[in-house]
Amino acid sequence: MGTDIIITGYIDEEDKIPIYKLAQIFVFPSLYEGFGMPVLEAMAAGVPVVTSNVSSLPEVAGDAAILVDPLNEDEIFEAYKKIRNDSNYREEMILKGYEQAKKYQWKNSVEVLEKVYEKM
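Below, the structure is given as structure tokens:
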């Protein structure tokens, strides 16, 4: 593996999209997330995602990511290898990711909220 993995640490907002666009895989083994925005950002940028099977992440990611135990390094690595080594699967995950990210666009949230207000 060697230079295949880059751990970035904190990234400024203006640098996020260009960095996502350079990524081949986004691995996000978080132990707790209130929402999971980084997963959706990566999906919207066309990056296949490996993320945790805990907290809000399974709901946010849906079937558009590989869900793993965030404490199991072997499971995380196997998910990484699956995306890296299977180009058809990688493309499938990218397409699913685009669709999943669309569900969380602000436009959709506003439409849902408007329907709630109309029923009041």
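If you're matching positions, the sequence shown starts at -6 in this note's numbering and goes up one per residue.
All C-beta atoms, glycine included, are put in the ideal place defined by N, C-alpha and C.
For clarity, every value in this text was computed on a predicted model and none was experimentally measured.
- Item | Continuous beta strand (DSSP E) stretch holding Ser45: start and end | 42 to 45
- Query: Are Asp67 and Asn46 close, meaning C-beta to C-beta below 8 angstroms?
  - Reply: no
- Query: Which class does Leu64 belong to by DSSP, given the choice of helix, strand or coil?
  - Reply: coil
- My understanding is that Pro22 touches Ile87, with C-beta atoms under 8 angstroms, so please give their C-beta distance in whole angstroms. 20 angstroms between Cβ atoms; not a contact.
- Which residue's Cα is closest to the Cα of Gly55: Ile(-1), Lys95, Pro11? Lys95
- Item | Cβ contact (3+ pairs, closer than 8 angstroms) linking the region 3 to 16 and the region 38 to 45 | yes
- Which partner residues does Val20 have in the DSSP bridge list? Val43
- Between Leu64, Met30, Ala57, Phe19, which lies nearest to Ile73 when the distance is taken from Cα to Cα? Before going on, a small fix: residue 73 reads as Tyr here, not Ile. Taking only the C-alpha atoms, the option nearest Tyr73 is Phe19.
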